[in-house]
Amino acid sequence: MMENIRNFVIIAHIDHGKSTLADRMLEMAGSVEKRKMRAQYLDSMELEREKGITIKMQPVRIIWRDPSDQQNKEYILNLIDTPGHVDFGYEVSRSLSSVEGAILLVDAAQGIQAQTLANYKLARDEGLKIIPVINKIDLPNAKVEEIEKEISDLCDILPENILKISAKTGEGIDKIFKKIIDEIPAPKLLSNTGEGGASDDFKAIVFDSLYDNHKGAVAFVRVMSGEINSGDRIYLFASKTASEATEIGFFQPEFKKASTLSNGQIGYIATGIKEPEKLRVGDTIFKSNNGKIPEGANPLPGYADPKPMVFASVYPTQENDFELLKKSLDKLKLNDWALFYSPESFASLGRGFSMGFLGMLHLEIIKERLAREYNLETILTTPSVGFKVKLKNDKIKDVFRASDLPKTEEISEILEPWVNLEILSPQDYFGTIMKMADAHRLLFKESEQLGNLIIVRFEAPLMEIIADFYDKLKSATSGFASMNYDFVEFRRGDLIRLNFLIAGEEFPAFSRIIPKIRAEREGRRIVEKLKEVLPRQNFAVAIQAAIEGKIIARETIPAMKKDVTGHLYGGDITRKKKLWKKQKEGKKRMRERGTVSIPSRVYMDILRRD
Ligand code: GTP
16 MMENIRNFVI
26 IAHIDHGKST
36 LADRMLEMAG
46 SVEKRKMRAQ
56 YLDSMELERE
66 KGITIKMQPV
76 RIIWRDPSDQ
86 QNKEYILNLI
96 DTPGHVDFGY
106 EVSRSLSSVE
116 GAILLVDAAQ
126 GIQAQTLANY
136 KLARDEGLKI
146 IPVINKIDLP
156 NAKVEEIEKE
166 ISDLCDILPE
176 NILKISAKTG
186 EGIDKIFKKI
196 IDEIPAPKLL
206 SNTGEGGASD
216 DFKAIVFDSL
226 YDNHKGAVAF
236 VRVMSGEINS
246 GDRIYLFASK
256 TASEATEIGF
266 FQPEFKKAST
276 LSNGQIGYIA
286 TGIKEPEKLR
296 VGDTIFKSNN
306 GKIPEGANPL
316 PGYADPKPMV
326 FASVYPTQEN
336 DFELLKKSLD
346 KLKLNDWALF
356 YSPESFASLG
366 RGFSMGFLGM
376 LHLEIIKERL
386 AREYNLETIL
396 TTPSVGFKVK
406 LKNDKIKDVF
416 RASDLPKTEE
426 ISEILEPWVN
436 LEILSPQDYF
446 GTIMKMADAH
456 RLLFKESEQL
466 GNLIIVRFEA
476 PLMEIIADFY
486 DKLKSATSGF
496 ASMNYDFVEF
506 RRGDLIRLNF
516 LIAGEEFPAF
526 SRIIPKIRAE
536 REGRRIVEKL
546 KEVLPRQNFA
556 VAIQAAIEGK
566 IIARETIPAM
576 KKDVTGHLYG
586 GDITRKKKLW
596 KKQKEGKKRM
606 RERGTVSIPS
616 RVYMDILRRD
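Residue numbering for the sequence shown is 16 to 625, as defined by the numbering used here.
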């Protein structure tokens, strides 16, 4: 049976035609079922589309009878998807380890993008059989030969091995079927030792998941060995959770119940688990009759807990929306296993959550979802990376907010996350890219010229990349350059904590950890902004930026001139003098107390990402 199965992913950039190709393949396979799920999926993914990322497709199982085969042999083709964005790189690697092949799909007018290239390389390194395809050859502006050369240069693939198709007209799709059958290997048996040979123990890798109100957490799995029947008891290795396969089946692409899922197949297992965080992408599912970890259980390699890389706090703009915010986050978490949040309260912002995200895109998706799906207006503080702070007593502390930084005298060094950054661009922009690199503490590693394109590789502090680097890169290269990055390690940084004082009082919510070289400019910028947004007081207020008590920038908001005698008609000068004296004393008292109350609106203005 296994020799009839072909499991593969499509690696493509947004709009390069992934869904159209899947539809066309279903149609040609004679499946009457159109891909119904797409419309539903599109609703919740509208945002991803707007942000220019490819929408994750529902996995789909295509039954294909080769028309040229005299015996009319039947094949099961399982197509699953890879999320295209770097924030979800970990999910990509799980998808790739669930299949034996990959279709590399490139738009004939657009050419290949950095993230597609990065995912292609991951697939190649996993040992997958790659089927390179140029799509949309019917377009009047198709540059088939040029793109063919580009793919050939970038991916080291012979031009004659690249298929040219139109997912729209159907031209060339038959050749894709043929290549899938002929070139992608059927699933192999996996032993517990990983050395080949047979194993009957059921093992499946979770490559995606979904939460369903009735079915509970549903695992999208690839069976790596053995088989499972509906009703079998199961055990999730990473979360040490015992449960039951309440329903199992295939993707057609909607859920299609089945009684058995056997070796090599791709399908779903409904677990009935109501705490979705217990079902984790990358985990291994075993069978277990006694609800305990099976003896000698050896999980499939590669599981890692999701690592948040970007941190920010979120507060509802209406203070009494806190409960709603909590409920909404709980709901979002059901289908977003990588979302982290814990309650916090800060100064006059009231109650909110400190949150961890996989990256900036993940952060934006969550903010937008809160607004669109839960009608919740929130403010999000300026995102930060996570730091590791080495203390003088040799302990290491994780710090996500400047206000949590230990005292300077306790710190031995601050470490920040670094990434490998790869930029793919037409060669003409090399100079522009290098200029940007200078301004962002990027370390140039190498560049590689491939035809008209150039790949420039850097090492970069993540902090530099998560701000507006990508937007700047796009505008500096007329939209042509694309980039991809992945985490390398934590490195010592010349970083300081920049503090802000208002009327002599420190406001920790405004503090930030930044490179020393940028401290003065950033200090001045925030001080000026504070001056703009702070309401005037009855007395002059000093706004200062400071590093370890040393003032590096200062502005003063002049006192509000309140006419305390205006209501007195005529010239009773003694009464006026009395009032002026009283006003002066009041100002003095306030100055002495040094209290400036900051309306939450001002906090929001300053903390809001700009
Ligand atoms: P996302 O799901 O948004 O990532 O996009 P996708 O890669 O699934 O692309 P999709 O299939 O939605 O196609 C994007 C657009 O390109 C649609 O308007 C399609 O009709 C069009 N398209 C896809 N294939 C072809 C083709 O072969 N020729 C032409 N002319 N248009 C195509």
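Ideal placement from N, C-alpha and C gives every residue a C-beta, glycine not left out.
Owing to the predicted nature of the structure, the values given are computational and were not obtained by experimental measurement.
| field | Sequence-distant residues of its chain with Cβ nearer than 7 Å to L480 (five each side left out) | value | Just to set this straight, residue 480 is Ile in the shown sequence, not Leu. If we look at I480 and ignore the five residues flanking it on each side, its Cβ neighbours are V434, L436, Y500.
| message | Less than 7 Å separating the Cβ of N150 from some heavy atom of ligand 1? | response | yes
| Alpha carbon of D486 to alpha carbon of M498, nearest angstrom | Distance between the alpha carbons of D486 and M498: 11 Å.
| query | Who does I91 pair with in a DSSP beta bridge? | reply | I20, I78
| Are the CB atoms of L516 and Q559 nearer to each other than 8 Å? | yes
| Contact under 8 Å by Cβ, F217 with S224 | no
| said: Within 10 Å of its beta-carbon, does N93 have 16 or more other beta-carbons around it, so buried, or fewer, so exposed? | reply: buried
| So what's P11 in DSSP terms, helix, strand or just coil? | This structure leaves residue 11 out entirely; the chain is present only between 16 and 625.
| said: Buried or exposed, going by whether 16 or more other CB atoms sit within 10 Å of the CB of T396? | reply: buried
| said: Can you give me the C-alpha to C-alpha distance between G365 and S462, rounded to a whole angstrom? | reply: Rounded to the nearest angstrom, the two C-alpha atoms are 49 Å apart.
| field | Proximity to L143 [Cα-Cα], best of I118, Q130, V159 | value | I118
| Under three-state DSSP, which class holds I517? | Here DSSP, grouped into helix, strand and coil, assigns I517 to strand.
| query | Using CA coordinates, which residue listed in R295, S357, I429, M478 is at the minimum distance from R512? | reply | Nearest C-alpha to R512: I429.
| field | the stretch 439–449 / the stretch 501–510 touching (three or more Cβ pairs under 8 Å) | value | Contact between the stretch 439–449 and the stretch 501–510 is absent, because fewer than three Cβ pairs lie under 8 Å.
| said: Would you say the beta carbon of T97 is closer than 7 Å to some non-hydrogen atom of ligand 1? | reply: Because no heavy atom of ligand 1 lies under 7 Å away, the Cβ of T97 does not count as near it: no.
| query | CB-CB under 7 Å to S112, same chain, minus the five flanking residues each way: which ones, in chain order? | reply | Within the same chain, S112 has close Cβ partners E141, I220, G317.
| To the nearest angstrom, how far is it from the Cα of I562 to the Cα of P573? | If you take the alpha carbons of I562 and P573, they lie about 24 Å apart.
| request: Assign I29 to one of two classes, buried (16 or more other C-beta atoms within 10 Å of its C-beta) or exposed (fewer than that). | output: buried
| query | Under the three-state reduction of DSSP, which class applies to F628: helix, strand or coil? | reply | There is no way to answer for residue 628, as the model of the chain reaches only from 16 to 625.
| message | In the DSSP output, what is L439 paired with across the bridge? | response | I470, S497
| Straight-line CA distance for F626 to L373? | Because the chain spans 16 through 625 in this model, residue 626 falls outside it and cannot be assessed.
| request: Just mark F266 as buried or exposed, buried being the case when its beta carbon has 16 or more other beta carbons within 10 Å. | output: buried
| field | Any non-hydrogen atom of ligand 1 closer than 7 Å to D30 Cβ | value | For ligand 1, at least one heavy atom lies less than 7 Å from the Cβ of D30.
| request: At 4 residues or longer, and completely inside the stretch 313–359: list those alpha helix (DSSP H) runs for me, N to C. | output: The stretch 313–359 contains these whole alpha helix (DSSP H) runs: 337–349.
| Considering only the beta carbon of each residue, do L347 and L354 sit closer than 8 Å? | yes
| said: DSSP three-state label for Q130, please. | reply: helix
| request: Answer with yes or no whether the minimum CB distance from M43 to chain C is below 8 Å. | output: Note that chain C does not occur in the displayed structure, where there is just one protein chain.
| said: Does the distance between the C-beta of D189 and the nearest non-hydrogen atom of ligand 1 fall short of 7 Å? | reply: The closest heavy atom of ligand 1 lies 7 Å or more from the beta carbon of D189.
| query | According to DSSP, is T208 helix, strand or coil? | reply | With a pLDDT of only 48 at T208, under the threshold of 50, the placement of this residue in the model should not be trusted; the figure read from the coordinates follows. In the structure shown, T208 sits in coil (DSSP, three-state: anything other than H, G, I, E or B).
| task | Enumerate, from N- to C-terminal direction, the unbroken alpha helix (DSSP H) stretches of 4 or more residues contained entirely within the stretch 156–180. | result | 159–170
| How about E537 and I529: are their beta carbons less than 8 Å apart? | yes
| Looking at F222 and P237, is the spacing between their C-beta atoms short of 8 Å? | The sequence as given places Arg at residue 237; Pro does not occur at that position. It is a contact, given that the beta carbons lie within the stated cut-off.
| request: Take the Cβ of D298 as the centre, count every other Cβ of all protein chains shown within 10 Å, and call the residue buried at 16 or more, exposed below. | output: buried
| message | My output table needs one value for Y56: the three-state DSSP class, helix, strand or coil. | response | Since pLDDT at Y56 reaches only 44, below the 50 mark, its modelled position is unreliable, and the value read off the structure follows with that caveat. Helix.
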